[in-house]
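For reference, the structure discussed in these notes is given below.
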Amino acid sequence: MRIVRSDAPPPPSVVASLAPLLGFVSGIKPTGTGNCQGAVPGGPEIPCDCPPTQADFVKALQANVANGRAVNNTAVPIAFPIDNSVTSEAIRVESALSTLQNLRGPGVGCPAVSSTLSAQLAALQAPGAVATSAPAPAPAPSAAPTPTPAPAPAPTPFSPTSATLSPAQIISLAPQLDFTSGQNPTGTGNCQGAVPGGPEIPCDCPPSQADFNTALVANALAGHAVNNTVVPIGFPTDSSLNSQIIRIESALSTLQNLRGPGVGCPAVSSTLSAQLAALQG
60 MRIVRSDAPP PPSVVASLAP LLGFVSGIKP TGTGNCQGAV PGGPEIPCDC
110 PPTQADFVKA LQANVANGRA VNNTAVPIAF PIDNSVTSEA IRVESALSTL
160 QNLRGPGVGC PAVSSTLSAQ LAALQAPGAV ATSAPAPAPA PSAAPTPTPA
210 PAPAPTPFSP TSATLSPAQI ISLAPQLDFT SGQNPTGTGN CQGAVPGGPE
260 IPCDCPPSQA DFNTALVANA LAGHAVNNTV VPIGFPTDSS LNSQIIRIES
310 ALSTLQNLRG PGVGCPAVSS TLSAQLAALQ G
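Have a look at this one:
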């Protein structure tokens, strides 16, 4: 789903009233390794300080919405439509996920599995979904109301295309990671990421382009991330701008769920976020 931002972001009070709930709290069942149980019982472990409190999360979301992009990762657009349509609610949840995953820096935050946001998004993207949030309260009337601006164009809904895809098509159109693993090891098990001076990444990230393509093919044919089935994967094959954006978004989802739900390589282990920002700029 492509994020489309209106020119005037909603005020903080409206963002707070419509902010998706994380649905989980930090510190559940510590494992003794610095990790704790995530929001999916039996699923991947998460850092014990994840997720943040709902109050702290809302503050970060408010800042991102006001900025129109993630404050800590400006390559990530943030939209927050305030009507009560299913599409707008799904966009708000997507922006909440982006806020959570970039809470402390580019690709540095809390994993999606430290919340129930992915499950909320999957429910909204399912056939026959209905909105669960109430519309934002109407602002108080002014003495001289200004004309209402035309609404932003609706995002293109996610539509699986796996029935018409072949592995050869997917590989030929697969976005390039444009980075290799093992760059400038720090001695801590981490290495330099794709952004010089940016966050460190695991030294085994990213995978080779060939291994990444194999994972992307499996996900695109399935219509969702094989290792995190609540994450939809679209892969349109035309050359339109919107289709290029969807392919890169699906590549990012594949990279970040390479080994399990929310367990993979961070976005900053590739140039995919920069590619996406260039297309959306």
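In this note's numbering, the protein residues as written are 60 to 340.
Cβ coordinates follow ideal geometry from the N, Cα and C atoms, glycine included.
Are the CB atoms of residue j and residue i within a distance shorter than 8 Å?
{"i": "Pro261", "j": "Gly241", "result": "no"}
{"i": "Ala178", "j": "Val289", "result": "yes"}
{"i": "Ile292", "j": "Ser267", "result": "no"}
{"i": "Pro170", "j": "Gly321", "result": "yes"}
{"i": "Ala119", "j": "Leu162", "result": "yes"}
{"i": "Ser299", "j": "Ala253", "result": "no"}
{"i": "Cys250", "j": "Pro244", "result": "yes"}
{"i": "Ile304", "j": "Leu275", "result": "no"}
{"i": "Leu180", "j": "Ala227", "result": "no"}
{"i": "Thr158", "j": "Phe83", "result": "no"}
{"i": "Ala277", "j": "Asn316", "result": "no"}
{"i": "Ser309", "j": "Asn132", "result": "no"}
Do you know whose CA, among the options, lies nearest residue i's CA?
{"i": "Ala122", "options": "Gln268, Pro71, Leu331", "result": "Pro71"}
{"i": "Ser173", "options": "Leu120, Pro255, Cys95, Ala279", "result": "Cys95"}
{"i": "Ala185", "options": "Ser309, Ile87, Gly282", "result": "Gly282"}
{"i": "Arg306", "options": "Asn278, Thr92, Pro295, Asn316", "result": "Pro295"}
{"i": "Arg128", "options": "Arg151, Thr112, Ala279, Cys107", "result": "Arg151"}
{"i": "Leu77", "options": "Val124, Ser302, Ile87, Asn287", "result": "Val124"}
{"i": "Ala269", "options": "Asp297, Asp263, Leu236", "result": "Leu236"}
{"i": "Ile229", "options": "Pro103, Phe271, Asn126", "result": "Phe271"}
{"i": "Val73", "options": "Phe116, Pro140, Leu81, Ser85", "result": "Pro140"}
Does the beta-carbon of residue i have 16 or more other beta-carbons within 10 angstroms, so that it is buried, or is it exposed?
{"i": "Pro68", "result": "buried"}
{"i": "Gly166", "result": "buried"}
{"i": "Gly256", "result": "exposed"}
{"i": "Pro234", "result": "buried"}
{"i": "Ser144", "result": "exposed"}
{"i": "Thr330", "result": "buried"}
{"i": "Ala279", "result": "buried"}
{"i": "Asn287", "result": "buried"}
{"i": "Thr146", "result": "buried"}
{"i": "Asn301", "result": "exposed"}
{"i": "Ser218", "result": "Any reading at Ser218 must be qualified, since the residue scores a pLDDT of 41, below 50, and its modelled position is unreliable; no value is offered."}
{"i": "Ala199", "result": "At Ala199 the pLDDT is 46, less than 50, meaning the model places this residue with poor confidence; the figure from the coordinates comes in the next sentence. The residue in question, Ala199, is exposed, as its Cβ has fewer than 16 Cβ neighbours within 10 Å."}
{"i": "Pro100", "result": "exposed"}
{"i": "Gly52", "result": "Given a span of 60 to 340 for the chain in the structure shown, any question on residue 52 remains unanswerable."}
{"i": "Ala114", "result": "exposed"}
In the DSSP assignment, find the beta strand (DSSP E) that holds residue i and state where it starts and stops.
{"i": "Pro136", "result": "132–136"}
{"i": "Thr288", "result": "287–291"}
What is the residue span of the alpha helix (DSSP H) that residue i lies within?
{"i": "Phe116", "result": "113–126"}
{"i": "Pro226", "result": "226–232"}
{"i": "Leu236", "result": "Careful: Leu236 lies outside any alpha helix (DSSP H) and carries neither H nor E."}
{"i": "Ser76", "result": "71–77"}
{"i": "Arg163", "result": "First-last for Arg163: undefined, no H or E at that position."}
{"i": "Gln242", "result": "It is not in any alpha helix (DSSP H) - Gln242 carries neither H nor E in the DSSP assignment."}
{"i": "Ser177", "result": "176–184"}
Based on the DSSP secondary-structure assignment, which residues constitute the bridge partners of residue i?
{"i": "Ala284", "result": "Asn287"}
{"i": "Val322", "result": "Gly319"}
{"i": "Pro261", "result": "Asn249"}
{"i": "Val167", "result": "Gly164"}
{"i": "Pro106", "result": "Asn94"}
Would residue i count as contacting chain D if we go by Cβ distances under 8 Å?
{"i": "Ala149", "result": "Among the chains in the structure shown there is no chain D, since it carries only a single protein chain."}
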